[in-house]
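Chemist: Provided herewith is a single structure, encoded as structure tokens, for subsequent inquiry.
There are 2 protein chains.
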Amino acid sequence: MYRTHTCGQLTLADLGKKITLCGWVQKSRDLGGMTFIDMRDRYGVTQLAFNADDDEALRARARELGREYVIQVKGTVIERSSKNLKISTGEIEIKVADLAVLNAAKLPPFLIEDETDGGDDLRMKYRYLDLRRNPVRNNLVLRHQMAQAVRSFLDQQGFLEVETPVLIKSTPEGARDFVVPSRMNEGQFYALPQSPQTFKQLLMVSGFDRYFQIVKCFRDEDLRADRQPEFTQIDCEMAFVEQEDILNLFEELISYLFKKVKNVEIGKLPRMTYADAMRLYGSDKPDTRFGMQFVELNPVLQGAGFPVFDNAELVVGIKAEGCASYTRKQIDALTDFVKRPQIGATGLVYLRYNEDGSLKSSVDKFFSQEQLQAWAKAMDANVGDLILVMAGDADKTRKQLNELRLELGNQLGLRDKNKFSALWVVDFPLLEWDDDTKRYHAMHHPFTSPKPEDIALLDTAPGEVRANAYDMVINGTEVGGGSIRIFEKDLQQLMFKHLGFTQEEAQTQFGFLMDAFTYGAPPHGGIAFGFDRLVSIFAGLDSIRDVIAFPKNNAGRDVMIDSPSSISQEQLDELKIEISAKA
Amino acid sequence: MYRTHTCGQLTLADLGKKITLCGWVQKSRDLGGMTFIDMRDRYGVTQLAFNADDDEALRARARELGREYVIQVKGTVIERSSKNLKISTGEIEIKVADLAVLNAAKLPPFLIEDETDGGDDLRMKYRYLDLRRNPVRNNLVLRHQMAQAVRSFLDQQGFLEVETPVLIKSTPEGARDFVVPSRMNEGQFYALPQSPQTFKQLLMVSGFDRYFQIVKCFRDEDLRADRQPEFTQIDCEMAFVEQEDILNLFEELISYLFKKVKNVEIGKLPRMTYADAMRLYGSDKPDTRFGMQFVELNPVLQGAGFPVFDNAELVVGIKAEGCASYTRKQIDALTDFVKRPQIGATGLVYLRYNEDGSLKSSVDKFFSQEQLQAWAKAMDANVGDLILVMAGDADKTRKQLNELRLELGNQLGLRDKNKFSALWVVDFPLLEWDDDTKRYHAMHHPFTSPKPEDIALLDTAPGEVRANAYDMVINGTEVGGGSIRIFEKDLQQLMFKHLGFTQEEAQTQFGFLMDAFTYGAPPHGGIAFGFDRLVSIFAGLDSIRDVIAFPKNNAGRDVMIDSPSSISQEQLDELKIEISAKA
């Protein structure tokens, strides 16, 4: 027993107790004949008091302690003269009788404080020190709480947590696999799972009825700030369900999580079709914390002789309430924003509803005041509002206006991290066209079922076939997605055909699944949540990296352990592989 | 909504209800004008009744259903005339009004019954069908329950579940790593973790105080029946603890699990030193479900002129109570057993304490009746007992006698799978000599701390240094093991030196850990349980394979998905690796 209590535990109720505490030296200060040390552990901070009058030698030793030294003290709980009511232990301190240094510490390369002076690279290299900081540790405590709450909810609902294999088989469909050479099967490779998709479907064929797993998944993709080569999913599947059953149950899960972990009532989740989401927000993951919905203006703005509008497939606007006072400079900045190569718009048209009731647009020479009035009316604009309009190819323009809407949301403080707005986006297209490969790809994955009434369109208008697929979106981020699966061999084969698989390819890669479908597969469907992303939203963070204990950088490296690394020639020989000469 | 209830739910309390059920056709039988179908799902079996008098067409369709068809029925709950009180739904049946085939099924390649006719290979290939069988599914339900109970207990005790990375760095120490070529870091490799050992220690340095994880680990070893290339650990670590704290807490965990999941009181776990375990059982994982402890007989049996005893380092016996009646043939069989190459003994000596009080041994010509009496007395033998004695090199002889003891335990029915005997084995040696490499290896791993009082022996008698290391043993199986770790850089460096690491090797492989020790590392220790093995013991099974949803065979293959497999040249090119020509 190194300690009797933790550093977050003692209060006035413990006055007079003889205790032993352990922890790290947070900071120390001298006041006259006294030395005070804040000692920290995971649970809190306790003040230690050393009085020169009582024991000068002990006090002298206390003064020699550096930041982050690991110490053990024995002493008595006494009342503090100068109380700190911000912390739970702030009314007491420890009158120290004995002090032992358990381990000395070099000065850390950055401050172990809530606000630190360490840059990203340094903090990644010394991740074990960064993890000592309260905000970082609190993210992982939140993650722990969410994982336990998810499991508790799903266990209550009769879901069985089943571990699926990590060493599986590479399939070319989808993202790039990480592969693992097999020593016992020369020249062959395992792959790490991008998701346990086929295994959870097999568990449904096995009659497991309700499955879940909080599970690591892997994708060898070029990394962005919010991507990691290994990430965690809450992976779920149910048999004998329709889409409605899944939406209801997992809406309940999310409500439970918000209530349990954040004490937030998220309410009933609205449902929006993919088509509506694109039409009203230009995104399949609309941030519904704020309105500013798109208004299509073709009938209002076309035919007035302004070629940009007249020649456009779509003319569409948003209303920034109360922004009529934006200066020319501010509007120019917004125009520059949408013209950036990442967004690629050619311009931005505004209409300002001035305080005096007059209307002023950047295309006044094409529009009469009456026409401007009709425009403002179509936008449901009031005095003081600013209307921003874009025009062009429908899909591209929607995506561009979505970026502008989000930027305005940021500027206007409408994207509050402490506010949560969740919804379901449903009726996703089954297929999407890929310009690179000149063929249709599965928008979710090849096991997603088409809506029965749309199957006939597979041959004539594949892009219009809707799927029984759904995403959960919170604050403009897709946190989960799933579908009702195909469970009949014939339909699955038809889908593979439409995705450009030869029969042989389909059989080699997914033969076991199609075979399984012939032995009594039940209707089934499921969902997977990106757990890292869900935690980051709960934590109010922008990046998933902050909710991962030991993340990798954008080159896929763990700079703390210096991985990946070279391996020995002996290892390569045993695996019967070589590094290419060109590498 | 495909169903209103499950197949394990309806009872007499539901009489008259209109219900909808879904499930698999277990079997069907005709009785006069009636057809009865047992419909199965995960939750149970419900009897469906089709009466030709009511609806001949419906009954005709029911008769066409094959085994394992997936069906949906609507009907009314009625009382059964012939009740089956063995199952929860045995007093009711469904008078079916409507029947829909959701999916037809080919005849499965083996019987989906508790007792099946399928061989191992066939059941592995069609694992998704084997998982439909109650005993197989029940193992995984048990696994789920145990995982939830473990998490609930540890969460209550303040442990945080933290996910550690799967893509880490290869280290030559220990077993062989699986490696993962990195596309973004040409010529470099990740390794899959054999355990999260260093990461959990870093979390202690980070002040996480109490960590756990139920986590997949990987070892590329040649497989035996009870080994899998991927396996699951309950991995735990605590700061500011001594060995005693860990033993007490995890003893509580095991007691909680036994009580919660099996309603078994496992009681206080005895502690036995490694030295005693070897002396009394010839094993560091003694099966303490039965006695039959070793008795060392050197003083009693040496000097009588029998060279095998006289020249032996150790003469040691066990007493098989009530086995004096063993025939010569039975004793010959035991002798053959210990002479098998896997055991390698040269012979077996017996002493029989006959019912008439006489003593008979296989070495009578060397021993007087008085000497035989002394022998029997040393063994605390009674009339009717059989004494079996082996002699030779102490270590080898103990191991051989351990095998004999276990075999006798089996033969005498003393190893009851429904009886549980758990203990701690403590004070393991720190190092063990390896004849192949001619050097000492860490018996647990290089981070295990030596007992402070034994550190001086590191230079003079390394094999005698005891570690603060402990195993939990249940029914002769090591289910968990751990240690108090080294937390000081100097001692860790000393250990690496004794393990034959150059300073450079130690720095390259574990520099990050030794650096971490210089920034304020607390004393810490932990334990890891083999979760697969623990579940298999709770389930009364011999192999861990039966508690894994999708296990691999002895060649490391998943024969269901046919993995590992070849990958495309394009994948190899992207990874800049080649398969060796000799492969």
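From first to last, the protein sequence lines stand for chains P and B.
Residues 517 to 1099 (the numbering used here) are what the first sequence spells out, left to right.
Residues 517 to 1099 (the numbering used here) are what the second sequence spells out, left to right.
Here a beta-carbon is modelled for each residue, glycine too, at the ideal position from N, C-alpha and C.
Bear in mind that the values here come from a model prediction, so they are computed numbers and not experimental data.
According to DSSP, simplified to helix, strand and coil, what is P/I762?
Modeler: Along the first sequence, read from residue 1 onward, the residue named residue 762 of chain P stands at position 246. If DSSP states are grouped into helix, strand and coil, P/I762 belongs with the helices.
Chemist: Closest Cβ-Cβ distance between P/H660 and chain B: below 8 Å?
Modeler: Looking up residue 660 of chain P in the first sequence gives position 144. Interface residue, yes.
Chemist: Grouping DSSP H, G and I as helix and E and B as strand, with all else coil, what is P/R735?
Modeler: If you number the first sequence from 1, residue 735 of chain P lands on position 219. In the structure shown, P/R735 sits in coil (DSSP, three-state: anything other than H, G, I, E or B).
Chemist: Thinking C-alpha only, which one of B/V995, B/F1028 and B/N991 is nearest B/Q1008?
Modeler: Within the second sequence, numbered from 1, the residue matching residue 1008 of chain B stands at position 492. Checked all of B/V995, B/F1028 and B/N991; the closest Cα to B/Q1008 is B/F1028.
Chemist: Taking the alpha carbon of P/Q473 as the point to measure from, which residue in P/F552, P/I535, P/Q809 and P/L1015 has its own alpha carbon closest?
Modeler: Residue 473 of chain P lies beyond the stretch modelled for chain P, which goes from 517 to 1099, so this question has no answer here.
Chemist: Do B/T964 and B/R914 come within 8 Å of each other at the CB atom, strictly closer than that value?
Modeler: The residue labelled residue 914 of chain B in the question sits at position 398 within the second sequence. The residue labelled residue 964 of chain B in the question sits at position 448 within the second sequence. No, they are not a contact pair.
Chemist: Determine whether the beta carbon atoms of P/F810 and P/G819 lie at a separation below 8 Å.
Modeler: Position 294 of the first sequence, counted from the start, is the residue given in the question as residue 810 of chain P. Position 303 of the first sequence, counted from the start, is the residue given in the question as residue 819 of chain P. No. Outside cutoff.
Chemist: Whole angstroms is fine: what's the gap from B/F715's alpha carbon to B/F734's?
Modeler: Here residue 715 of chain B is taken as the residue at index 199 of the second sequence, counted from 1. Here residue 734 of chain B is taken as the residue at index 218 of the second sequence, counted from 1. Spanning the two alpha carbons is a distance of roughly 15 Å.
Chemist: According to a CB-to-CB cut-off of less than 9 Å, which residues of the stretch 663-685 of chain B neighbour chain P?
Modeler: Here the close residues are A663, Q664, R667, S668, D671, G674, F675, L676, E677, V678, E679, T680, P681, V682, L683, I684 and K685.
Chemist: For P/D1048, does the count of other Cβ atoms within 10 angstroms reach 16, so buried, or fall short, so exposed?
Modeler: Position 532 of the first sequence, counted from the start, is the residue given in the question as residue 1048 of chain P. The residue is buried, with at least 16 neighbouring Cβ atoms inside 10 Å.
Chemist: Determine the closest residue to P/S1096 out of B/S1096, B/A1097 and B/K1092, with distance taken between C-alpha atoms.
Modeler: On the first sequence, position 580 is the one that residue 1096 of chain P refers to. Selected option, being the one with the closest Cα: B/K1092.
Chemist: Confirm, please, whether the CB-CB distance from P/I1060 to P/Q744 is below 8 Å.
Modeler: Taking the first sequence and counting its residues from 1, the one referred to as residue 744 of chain P is at position 228. Taking the first sequence and counting its residues from 1, the one referred to as residue 1060 of chain P is at position 544. Yes, these two residues count as a Cβ contact at 8 Å.
Chemist: In angstroms with no decimal places, state the Cα-to-Cα distance between P/D792 and P/I990.
Modeler: The residue you call residue 792 of chain P lines up with position 276 of the first sequence. The residue you call residue 990 of chain P lines up with position 474 of the first sequence. Distance between the alpha carbons of P/D792 and P/I990: 17 Å.
Chemist: Does the count of Cβ pairs from the stretch 556-572 of chain B and the stretch 586-602 of chain B closer than 8 Å reach three?
Modeler: Touching, per the Cβ criterion.
Chemist: Using beta carbons (cut-off 8 Å, strictly below), is P/G723 in contact with chain B?
Modeler: Along the first sequence, one-based indexing puts residue 723 of chain P at 207. P/G723 counts as touching chain B.
Chemist: Taking the alpha-carbon of P/D693 as reference, which of B/D693, B/P697 and B/N779 has the nearest alpha-carbon?
Modeler: Residue mapping note: residue 693 of chain P aligns to position 177 of the first sequence, counting from 1. If we check each option's Cα against that of P/D693, B/P697 comes out closest.
Chemist: For B/A840 and B/K801, I'd like the C-alpha separation in whole angstroms.
Modeler: Stepping through the second sequence from its first residue, residue 840 of chain B is reached at position 324. Stepping through the second sequence from its first residue, residue 801 of chain B is reached at position 285. If you take the alpha carbons of B/A840 and B/K801, they lie about 28 Å apart.
Chemist: Using a Cβ-Cβ cutoff of 8 Å, what residues of the stretch 1072-1084 of chain B are near chain P? List them in chain order.
Modeler: Hits within the stretch, in order: G1072, R1073, D1074, M1076, I1077, D1078, S1079, P1080, S1081, S1082, I1083 and S1084.
Chemist: First and last residue of the beta strand (DSSP E) that includes P/A707?
Modeler: Numbered from its first residue, the first sequence carries residue 707 of chain P at position 191. Unbroken beta strand (DSSP E) run through P/A707: F705 to A707.
Chemist: List, in chain order, every chain P residue whose beta-carbon is nearer than 9 Å to that of B/C523.
Modeler: Along the second sequence, one-based indexing puts residue 523 of chain B at 7. The contacting residues do not exist; B/C523 stays about 10 Å from chain P at best.
Chemist: Who are the near neighbours of B/M527 in its chain, counting only those whose CB is closer than 7 Å to its CB and skipping five residues on each side?
Modeler: Your numbering for residue 527 of chain B matches position 11 in the second sequence. Sequence inspection shows Thr at residue 527 of chain B; the Met mentioned does not correspond to that position. Excluding positions up to five away in sequence, the list reads S604, T605, E607 and I608.
Chemist: Going by DSSP, which residues form a beta bridge with P/T551?
Modeler: Start at 1 with the first residue of the first sequence, and residue 551 of chain P comes out as number 35. Paired residues: P/D546 and P/F566.
Chemist: Does the distance from the CB of P/V1118 to the CB of P/D530 come in under 8 Å?
Modeler: Any answer about residue 1118 of chain P is impossible in this case: the structure gives chain P only from 517 up to 1099.
Chemist: Check whether the Cβ atoms of P/L850 and P/V832 lie closer than 8 Å to each other.
Modeler: Mapped onto the first sequence, residue 850 of chain P falls at position 334. Mapped onto the first sequence, residue 832 of chain P falls at position 316. No, the Cβ-Cβ distance between P/L850 and P/V832 is not below 8 Å.
Chemist: Helix, strand or coil: which one does DSSP assign to P/N701?
Modeler: Position 185 of the first sequence, counting from 1, holds the residue named residue 701 of chain P. Residue state, collapsed to three classes: coil.
Chemist: With burial defined as no fewer than 16 other Cβ atoms inside 10 Å of the residue's Cβ, what is the status of B/N918: buried or exposed?
Modeler: Within the second sequence, the letter at position 402 stands for residue 918 of chain B. Buried: at least 16 other Cβ atoms inside 10 Å.
Chemist: Is the Cβ of B/I1060 closer than 8 Å to any Cβ of chain P?
Modeler: As a working mapping, residue 1060 of chain B is identified with position 544 in the second sequence. Cβ-Cβ to chain P under 8 Å: no for B/I1060.
Chemist: Starting from the Cα of B/M550, find the closest Cα among B/E595, B/A578, B/R556 and B/L947 and give me that residue.
Modeler: In the second sequence, residue 550 of chain B corresponds to position 34, counting from 1. Among B/E595, B/A578, B/R556 and B/L947, the Cα nearest to that of B/M550 belongs to B/A578.
Chemist: Just checking my contact of P/E829 with P/A894 at CB under 8 Å: how many whole Å lie between their CB atoms?
Modeler: One-based indexing of the first sequence puts residue 829 of chain P at position 313. One-based indexing of the first sequence puts residue 894 of chain P at position 378. So it is not a contact: roughly 18 Å between Cβ atoms.
Chemist: Along the alpha helix (DSSP H) that carries B/N779, what are the first and last residues, could you check?
Modeler: For the purposes of this step, residue 779 of chain B is taken as the residue at position 263 of the second sequence. Counting along the chain, B/N779 falls outside any alpha helix (DSSP H), and DSSP gives it neither H nor E.
Chemist: Among P/L785, P/M788, P/D848 and P/I834, which one has its Cα closest to the Cα of P/M808?
Modeler: Taking the first residue of the first sequence as position 1, residue 808 of chain P is located at position 292. Considering only alpha carbons, the answer is P/I834.
Chemist: For P/M754, which beta-bridge partners are listed by DSSP?
Modeler: In the first sequence, counting from the first residue as 1, residue 754 of chain P sits at position 238. Bridge partners of P/M754: P/R726 and P/G1041.
Chemist: Please list the residues of the stretch 687-710 of chain P that have a C-beta atom closer than 9 Å to any C-beta atom in chain B, keeping them in chain order.
Modeler: For the stretch 687-710 of chain P, which is checked against every Cβ of chain B, the residues closer than 9 Å are P688, R692, D693, F694, V695, V696, P697, S698, R699, M700, N701, E702, G703, Q704, F705, Y706, A707 and L708.
Chemist: When you compare the CB of P/F766 with every CB in chain B, is at least one pair closer than 8 Å?
Modeler: Numbered from its first residue, the first sequence carries residue 766 of chain P at position 250. Cβ-Cβ to chain B under 8 Å: no for P/F766.
Chemist: Quick one: is P/Q1087 near chain B, going by C-beta distance under 8 Å?
Modeler: Stepping through the first sequence from its first residue, residue 1087 of chain P is reached at position 571. Interface residue, yes.
Chemist: Run the CB neighbour count on B/S1081, radius 10 Å, all protein chains shown included, and call it buried at 16 or more, exposed below.
Modeler: Here the question's residue 1081 of chain B lines up with position 565 in the second sequence. Burial call: buried.
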